[in-house]
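Okay, structure first, notes after.
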Amino acid sequence: MKILHSTPTEDGFFMPAEFERHSGCLMIWPERADSWQYGAVEARKAFAEVAHAIAQSERLTVFTSFEGYDTARKMLEEHIRVIEMSSDDSWARDVMPTFVKNSEGEIRGIDWGFNAWGGLIDGLYFPWDKDNRMARKCCDLLELDVYDKRAFIMEGGAIHVDGQGTAIVTEACLLSRGRNPHMTKQEIENELKKYLGVTKVIWLPYGIYLDETNQHVDNICAYVAPAHVVLAWTDDENDPQYNMSVKCLKVLENEKDARGRKIKVTKLPLPNPVYITKNECEGLVDFDGEPTRKPDERLAASYVNFYISNSAIIMPAFDDEHDDEAADILRDIFKDRKIIQIQARNILIGGGNIHCITQQIPE
């Protein structure tokens with residue numbers, strides 16, 4: 030493995046879209062007691078369901094601690110690879126490498142800096158040093174060269190690309206004080222262009238209401254095809270999310286992508302607000318003497334937080350009246366892929382969802 034100090038763009042590399050073919054996928058086994066209630070028993074069942082759905086068409090690697098290895102190995106199908114690697118939590122999208130490729134199909138990784146979504150300003154845990162080392166370790170394991178970009182705080186959930194020159198991000202996230210406060214919006218955009226191989230960055234103002242990542246884009250908007258996105262949506266004008274989604278829609282309707290195309294927006298309904306219960310909170314240990322969740326706290330539930338595998342769309346369900354409607358919309362878009370819905374409340378309690386716990390490796 031070479032640690033590279035050039036940029037992907039100058040080397041002819043770019044980030045492919047998630048809807049393109051993958052050679053594999055990465056996940057991290059849930060263990061952290063202040064994230065996953067009651068010893069992560071239910072979270073592990075949900076993670077295993079996601080893993081088995083992905084592994085139907087992709088080679089899946091799951092990373093786990095020494096303590097979690099035997100449980101992971103027992104719960105996961107034998108064709109899923111389980112590797113011991115230390116981490117601070119289970120958000121593979123944000124701590125694993127962002128993968129880029131060139132026209133010959135060579136794959137490299139990007140090792141962004143990770144500070145638990147805000148460092149000492151508004152980060153969600155401390156320390157985060159194990160997570161910050163995972164991307165480079167993963168590239169070493171996969172025998173891929175890696176770009177050293179640890180000086181720039183970025184997470185995989187903060188970016189979506191079309192693989193054809195366009196990236197979508199949110200201002201709420203990338204301009205937050207806990208990430209790169211010394212940089213202007215234009216300077217951040219320039220770095221994205223250098224490292225993702227894009228020529229156009231579309232800035233949405235917001236993500237999902239109360240999303241603790243400072244509103245990652247992957248919870249509100251995702252590319253489903255070139256010049257086509259889904260956008261999380263509610264018709265309830267009294268919901269704080271309504272105005273946030275309306276403002277994002279206006280941006281998308283008035284933008285063109287890197288190739289000059291108007292962007293088609295398909296509205297994906299949000300589930301009814303999801304609130305954590307007192308019993309669920311009692312299953313979480315305190316962090317630094319303080320509870321990580323409070324009863325009746327609203328969670329950032331969204332159907333947009335799905336994973337596009339080679340053969341399926343693995344999407345969250347919430348035992349909600351909108352589950353079937355959201356699945357039908359994605360079924361109509363992805364006619365060549367199976368729709369697999371997984372009850373994801375026990376992932377959501379940890380703070381994210383199915384897209385957040387996965388990271389694809391392009392083919």
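Note that my numbering has the sequence shown beginning at 30, numbered continuously upward.
We put the CB at the ideal spot given by N, CA and C, even for glycine.
Being a predicted model, the structure only gives us computed values, none of them experimental.
**Report entry** Reference Leu204; option with closest CA among Asp174, Ala80 and Thr213
**Finding:** Cα-wise, what sits closest to Leu204 is Thr213.
Query raised in the report: By how many angstroms is the C-alpha of Lys229 removed from the C-alpha of Gln215?
Result: Cα-Cα distance, rounded: 12 Å.
Query raised in the report: Going by the beta-carbon positions, is the gap between Pro332 and Pro300 smaller than 8 Å?
Result: According to the sequence as given, residue 332 is Tyr; it is not Pro. Annotated as proximal: Tyr332 and Pro300, with beta-carbon spacing under 8 Å.
Requested in this report: Can you tell me which of Asp247, Asp177 and Phe48 puts its alpha carbon nearest to the alpha carbon of Ala261?
Outcome: Ranking the options by Cα distance to Ala261, first place goes to Asp247.
**Report entry** Buried versus exposed, by CB contacts within 10 Å (16 or more), Ala101
**Finding:** With 16 or more Cβ atoms within 10 Å of its Cβ, Ala101 is classed as buried.
Query raised in the report: Taking only runs of the alpha helix (DSSP H) that begin and end inside the region 101 to 175, which ones reach a length of at least 4 residues, in chain order?
Result: Counting only runs of 4 or more, we get 121 to 124, 148 to 151 and 158 to 171.
Query raised in the report: Which same chain residues, not among the five before or five after Arg322, have their C-beta less than 7 Å away from its C-beta?
Result: For Arg322, where only same-chain residues beyond five positions count, the Cβ hits under 7 Å are Ile305, Cys310 and Leu313.
Report task. Answer yes or no: do Val79 and Ile390 have a C-beta to C-beta separation smaller than 8 Å? Result -> Pairing Val79 with Ile390 gives a Cβ-Cβ distance that is not under 8 Å.
Query raised in the report: Can the beta-carbon of Pro37 be found closer than 8 Å to that of Val129?
Result: For the pair Pro37 and Val129, the CB atoms are nearer than the 8 Å cut-off.
Report task. Kindly identify the DSSP beta-bridge partner or partners of Ala196. Result -> The secondary-structure analysis by DSSP pairs Ala196 across a beta bridge with Val190 and Val230.
**Report entry** Completely contained beta strand (DSSP E) runs for the region 299 to 323, where each covers 3 or more residues
**Finding:** Entirely contained in the region 299 to 323, not one beta strand (DSSP E) run reaches 3 residues.
Query raised in the report: In whole angstroms, what is the alpha-carbon distance linking Lys296 and Asp361?
Result: Going from the Cα of Lys296 to the Cα of Asp361 covers about 13 Å.
Requested in this report: Please name the residue in Ser94, Gly41 and Gln66 whose C-alpha comes closest to that of Asp315.
Outcome: For Asp315, the closest of Ser94, Gly41 and Gln66 by C-alpha to C-alpha distance is Gln66.
Report task. Starting from Pro391, follow the beta strand (DSSP E) in both directions and report where the run begins and ends. Result -> Element bounds for Pro391: Gln388 to Pro391.
Query - Candidates Leu281, Gly53, Pro302 and Met273, of which the one nearest Glu350 by Cα - result: For Glu350, the closest of Leu281, Gly53, Pro302 and Met273 by C-alpha to C-alpha distance is Pro302.
Requested in this report: Go ahead and pull the three-state DSSP assignment for Pro269.
Outcome: Looking at Pro269 - three-state DSSP - the assignment turns out to be helix.
Query raised in the report: Residue range of the beta strand (DSSP E) that Glu74 falls in?
Result: A small fix is needed here, since residue 74 is Lys in this sequence, not Glu. That residue, Lys74, is in no beta strand (DSSP E); its alpha helix (DSSP H) goes Val70 to Ile83.
Query raised in the report: In whole angstroms, what is the alpha-carbon distance linking Asp158 and Ile343?
Result: Roughly 30 Å separates the two Cα atoms.
Requested in this report: Report the rounded CA-to-CA distance for Glu392 versus Asp325, giving the unit in angstroms.
Outcome: C-alpha of Glu392 to C-alpha of Asp325: approximately 43 Å in a straight line.
Requested in this report: May I ask you to report which of helix, strand or coil DSSP gives Gly53?
Outcome: The DSSP-derived three-state label of Gly53 is strand.
Query raised in the report: Taking the alpha-carbon positions, what's the Arg327 to Ile231 distance?
Result: If you take the alpha carbons of Arg327 and Ile231, they lie about 28 Å apart.
Query - As assigned by DSSP and simplified to three states, the class of Ala355 - result: Here Ala355 carries a helix assignment [DSSP, helix/strand/coil].
Report task. Please name the residue, chosen from Gly68, Gly381, Gln388 and Asp40, that lies closest to Ile237 on a Cα-to-Cα basis. Result -> Its Cα nearest to that of Ile237, the residue Gly381 stands out among Gly68, Gly381, Gln388 and Asp40.
Report task. May I have the straight-line CA-CA distance separating Leu105 from Gly152, to the nearest angstrom? Result -> Those two C-alpha atoms are separated by around 31 Å.
Query raised in the report: Is DSSP giving Gln66 helix, strand or coil here?
Result: In this structure, Gln66 counts as coil in the three-state DSSP scheme.
**Report entry** Inter-residue Cα distance where the pair is Gln370 and Tyr235
**Finding:** Whole-angstrom Cα-Cα distance: 26 Å.
Query raised in the report: According to the Cβ coordinates, are Cys168 and Thr387 closer than 8 Å?
Result: No, Cβ-Cβ distance for Cys168 and Thr387 is not below 8 Å.
Query raised in the report: Could you give the C-beta distance for Pro126 and Gly138, rounded to a whole number, given that I count them as a contact under 8 Å?
Result: About 3 Å separates the beta carbons of Pro126 and Gly138, which is inside the 8 Å limit, making them a contact pair.
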